[in-house]
Structures are given as C-alpha cells and as structure tokens.
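Report on one structure; see the data block that follows.
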Amino acid sequence: MTTKDNSWVLITGASSGFGEEFARQYAEQGHPLVLVARRLDRLQTLAEELRRSFQAEVIVEQVDLSDIEAITGLHELLREQGVVVEILINNAGHGLQGPFLDSQLDAVLAIVQLDVACLTAVTHVFAQDMRKRGHGKILLVASLLSYLGVQNFAVYAAAKAYVLRLGEALHRELKSDGITVTTLCPGMSDTGFAAAAHQKLTPALKQLMMQPAPVVAAGIRALQAGRISVVPGWINKANVIFTWATPRWLHQAIFSQIMNA
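According to full-length UniProt numbering, the stretch in the sequence shown is residues 1 to 261, in order.
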C-alpha cells in the first residue's frame, strides 16, 4: 500500500529517462507530483500510469524550460493553484557529442541555455518560496562528466561542472534557510540520453551502463539524508577517486579514449 505524503514534488524533464523514473519512485512513496516537459503526450501517458498504479495526484504542465519566461509563468501558475513545491528535482537537460568546431553554434548554445541558465532559473525561483517557508529540498542532476573535460563532449561536460559547483555552493549557502541542496552525478545510464546526444556507445561504455532505477533511488536517498552530492555505482565512484588521484593530463586522456574509442 502507498502511504500518502502531501508534500508536492516538481520534476523537470519528466517525460523520459531519469525524470520518468523519479516520477515513479516518488509516486510510489505517495507524493503528489508536478510533471514538466515539452512532450505533452508522453507526460499524459505517464500521469495516467501513475494515477492507475499508485492513485497518485499528478499535475502535467507542458513547458519549454529553455524559455526563462515560461519558467516564471510555471511558477505563477502553480502559485495560483495553491501548489507548494516542497521537493524540486531539477533534471531537465541535454547534451551533444561531437567536435566543438563542427557543431552548429545554436546547438551548442542550446545546451548552455537549458543545462545552465534554465536550471539556475528554476532553482532560483522555487528556492525563494522554500526560504520563505523555512524548508524545502532541491536535487540538481549533473553528470559524472562534471568531474572531467572530455574530448567531443566539451560543452556538456562544462555545463554539468557548473551544475555540480552550483549545487556544492548552494548546499552550504541555503542550509541556514532550511533548504537541502544535493547534486546527483550519474555515470553512463540507460535513459535514452545517448541516442538524443548522438553519442557513440563504445564497448567500455556498454559495460558501465546502469539502469535508471538504482541511480534515481541513490539520488532520493542522498537528498533525504542531506548529502552534498552523490555518485551512484561503485565503478563510477572509483572513477571519481581516480580523477582525484591522478594528473589531469592522464585521466583526461584515458576518459577521452573510453568515451570516443
């Protein structure tokens, strides 16, 4: 039986991948959900599944999160509906593999806009409400690549490094306001990201592939425990330790080979 928890969870990028899995796991915990993404049909299908399986209360909002005005509009709409977002899962983002100079400028800037500018805007807008209430939780979804600058993933890796550093700073800065900020840094996962990013799945990457469910569960546990960040999977944890323990020229070369060979 699902135990009802009346604290609302807002999940961005909820139509697939990690966002979809966050929705399932929080619905199973009994939370009411606000699901946000651009693909309305997929959101509606997911919402119906969650209502049927968990008797979840689900609000679906089709929002282009690359538009800052759309973010402020979403915030105002939820305020008018009396929806108090207690948990924010800031998951929306995308990447693109390929040589920096061979990529179209608008495609490169779209990554920066969604993964950096809009993530920042969503965090800022909803954290303001949390500060007024004196409590709230925010999970920022970064990447294992936030620890690296990887050849042919230059902009995505740099964007996720921003997310990690933002989360680390806000973890301390907002703690006195009663807000928990945790950053999730997944490694290679079976979310559909690779296809959307035109990523080459090398044999090494296929061996490192994790399923979304344990990654999301690790993120939820870390947020609940108030941790500053979490890297799911023992191999991914070992990779982070390796980056700390070796010169940049060495681990950058090794991981570029793993990602591009």
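Glycine included, each C-beta is placed from N, C-alpha and C at the ideal position.
Since the model is a prediction, treat every value here as computed from it, not as a measurement.
Rounded to whole angstroms, how far is the Cβ of residue i from the Cβ of residue j, which I believe are closer than 8 Å?
| i | j | result |
| --- | --- | --- |
| VAL85 | TRP8 | 5 Å |
| SER256 | GLN151 | 4 Å |
| residue 262 | VAL122 | No answer is possible for residue 262: the residues shown for the chain start at 1 and end at 261. |
| ILE228 | GLU168 | 6 Å |
| VAL230 | ALA222 | 4 Å |
| THR65 | VAL36 | The sequence shown places Leu at residue 65, rather than the Thr named in the question. 7 Å between Cβ atoms; contact. |
| LEU140 | VAL181 | 7 Å |
State the DSSP-derived secondary structure class of residue i, mapped to helix, strand or coil.
| i | result |
| --- | --- |
| VAL84 | coil |
| GLY136 | strand |
| MET210 | strand |
| GLU57 | coil |
| THR12 | strand |
| ASN91 | coil |
| SER256 | helix |
| VAL231 | coil |
| LYS237 | helix |
| THR246 | coil |
| ASP67 | coil |
| GLY226 | coil |
| LEU96 | coil |
| ASP5 | coil |
| GLN104 | coil |
| GLN29 | coil |
| ARG39 | coil |
Would you mind sorting residue i into buried or exposed? The rule is 16 or more other CB atoms within 10 Å of its CB.
| i | result |
| --- | --- |
| GLY226 | exposed |
| PHE193 | buried |
| GLN199 | buried |
| ARG24 | buried |
| ILE241 | exposed |
| GLY93 | buried |
| GLU20 | buried |
| ILE235 | exposed |
| THR191 | buried |
| ALA196 | exposed |
| GLY82 | exposed |
| PRO99 | exposed |
| GLY178 | exposed |
| HIS171 | buried |
| HIS135 | exposed |
| residue 264 | The chain is shown only over 1 to 261; residue 264 falls outside these bounds and no answer can be derived. |
Could you tell me whether the Cβ of residue i comes closer than 8 Å to any Cβ of chain B?
| i | result |
| --- | --- |
| GLU49 | The structure shown contains no chain B, having only a single protein chain. |
Could you name the residues that DSSP lists as bridge partners for residue i?
| i | result |
| --- | --- |
| VAL34 | LEU10, ILE59 |
| VAL141 | LEU184 |
Complete runs of the alpha helix (DSSP H) confined to the stretch 147–205 [at least 4 residues]: Correct list: 154–173, 193–196.
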